[in-house]
Amino acid sequence: AQSVTQPDIHITVSEGASLELRCNYSYGATPYLFWYVQSPGQGLQLLLKYFSGDTLVQGIKGFEAEFKRSQSSFNLRKPSVHWSDAAEYFCAVGTTSGTYKYIFGTGTRLKVLA
Amino acid sequence: KAGVTQTPRYLIKTRGQQVTLSCSPISGHRSVSWYQQTPGQGLQFLFEYFSETQRNKGNFPGRFSGRQFSNSRSEMNVSTLELGDSALYLCASRGQNPYEQYFGPGTRLTVT
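Note that the protein sequences, when read in sequence, are chains A and B. At position 21 of the first sequence the residue is numbered 59 (our numbering), and the sequence of numbers has no breaks. At position 84 of the second sequence the residue is numbered 374 (our numbering), and the sequence of numbers has no breaks.
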């Protein structure tokens, strides 16, 4: 079955520290992969996406993610976190066969300490 | 371009009532999807409309329905509201690239 797992429900980091949010997926074919960010009371904003090609993708707000097929992972990273990065982050898989569907992970809530 | 807009942003209803939520996609986008977001279940796909036709449907009861108009605006209706329907309802639109969807700010529905 298709699924997306974000093993960390909450993560707390200090401002200026590096960040890595984990995402593992289960999908039979090559997936399309996404990271979204959601600020409190807001909708989801697309941070970055992977369709094919270079496995290291750059996104907005200084975020990057690396696709590792062998590990079925698509982890999100940022070298230096800012207080404004505090939000909830969602990893998603877009199915590539049949109808277009998104499968979202359960999210990781990031807290940033001043 | 204006983004995806949803109205109303907040809504309080009583059990047993019905509610209609509206979503206006980005200009030129013909696909509109609806999601329910709750703390317990996360983001769950409700349905997708494309050119006024329902193209995909999630696992929700028949109380949840939707439609899309010729201008691509979409409405979602929930009848006989239950307490468990309290959630943030998100709408997303897609254009030429089916894998790039853009979300609206959501409608926060509270059922009392």
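We put the beta carbon where it would ideally sit given N, CA and C, even for glycine.
Counting only beta-carbon atoms, is residue i nearer than 9 angstroms to chain B?
{"i": "residue 66 (chain A)", "result": "no"}
{"i": "residue 70 (chain A)", "result": "yes"}
{"i": "residue 162 (chain A)", "result": "What the structure shows of chain A is the stretch from 39 to 152, and residue 162 (chain A) is not part of that stretch, so it cannot be assessed."}
{"i": "residue 112 (chain A)", "result": "no"}
{"i": "residue 139 (chain A)", "result": "yes"}
{"i": "residue 74 (chain A)", "result": "yes"}
{"i": "residue 146 (chain A)", "result": "no"}
{"i": "residue 89 (chain A)", "result": "yes"}
{"i": "residue 97 (chain A)", "result": "no"}
{"i": "residue 105 (chain A)", "result": "no"}
{"i": "residue 132 (chain A)", "result": "yes"}
Quick one: which chain B residues come within Cβ less than 8 angstroms of residue i?
{"i": "residue 80 (chain A)", "result": "395 and 396"}
{"i": "residue 101 (chain A)", "result": "Correct list: empty, because the minimum Cβ distance to chain B is about 17 angstroms."}
Distance cutoff 9 angstroms, beta carbons only. Does residue i sit that close to anything in chain A?
{"i": "residue 336 (chain B)", "result": "no"}
{"i": "residue 390 (chain B)", "result": "yes"}
{"i": "residue 296 (chain B)", "result": "yes"}
{"i": "residue 367 (chain B)", "result": "no"}
{"i": "residue 376 (chain B)", "result": "no"}
{"i": "residue 362 (chain B)", "result": "no"}
If you reduce the DSSP assignment to three classes, tell me which class residue i lands in.
{"i": "residue 299 (chain B)", "result": "coil"}
{"i": "residue 141 (chain A)", "result": "strand"}
{"i": "residue 371 (chain B)", "result": "coil"}
{"i": "residue 357 (chain B)", "result": "strand"}
{"i": "residue 386 (chain B)", "result": "coil"}
{"i": "residue 344 (chain B)", "result": "strand"}
{"i": "residue 108 (chain A)", "result": "helix"}
{"i": "residue 362 (chain B)", "result": "coil"}
{"i": "residue 396 (chain B)", "result": "coil"}
{"i": "residue 100 (chain A)", "result": "helix"}
{"i": "residue 43 (chain A)", "result": "strand"}
Count the other CB atoms within 10 Å of the CB of residue i; is the residue buried (16 or more) or exposed (fewer)?
{"i": "residue 384 (chain B)", "result": "buried"}
{"i": "residue 151 (chain A)", "result": "exposed"}
{"i": "residue 96 (chain A)", "result": "exposed"}
{"i": "residue 141 (chain A)", "result": "buried"}
Where does the unbroken beta strand (DSSP E) through residue i begin, and where does it stop?
{"i": "residue 52 (chain A)", "result": "48 to 52"}
{"i": "residue 304 (chain B)", "result": "Careful: residue 304 (chain B) lies outside any beta strand (DSSP E) and carries neither H nor E."}
{"i": "residue 392 (chain B)", "result": "391 to 393"}
{"i": "residue 132 (chain A)", "result": "125 to 132"}
{"i": "residue 147 (chain A)", "result": "146 to 151"}
{"i": "residue 121 (chain A)", "result": "Where residue 121 (chain A) is concerned, there is no enclosing beta strand (DSSP E), given that its DSSP letter is neither H nor E."}
{"i": "residue 62 (chain A)", "result": "62 to 64"}
{"i": "residue 321 (chain B)", "result": "321 to 328"}
At a CB-CB cut-off below 8 angstroms, which residues of chain A make contact with residue i?
{"i": "residue 385 (chain B)", "result": "Going along chain A, no residue has its Cβ under 8 angstroms from residue 385 (chain B), so there is no contact; the nearest lies around 12 angstroms."}
{"i": "residue 380 (chain B)", "result": "81 and 82"}
What residues of chain A sit near residue i, judged by a beta carbon separation below 7 angstroms?
{"i": "residue 349 (chain B)", "result": "The premise fails here: residue 349 (chain B) is roughly 12 angstroms from chain A at the closest Cβ pair, so nothing lies under 7 angstroms."}
{"i": "residue 301 (chain B)", "result": "Result: empty, since nearest Cβ-Cβ is about 14 angstroms, beyond 7 angstroms."}
List, in chain order, every chain B residue whose beta-carbon is nearer than 9 angstroms to that of residue i.
{"i": "residue 128 (chain A)", "result": "332 and 333"}
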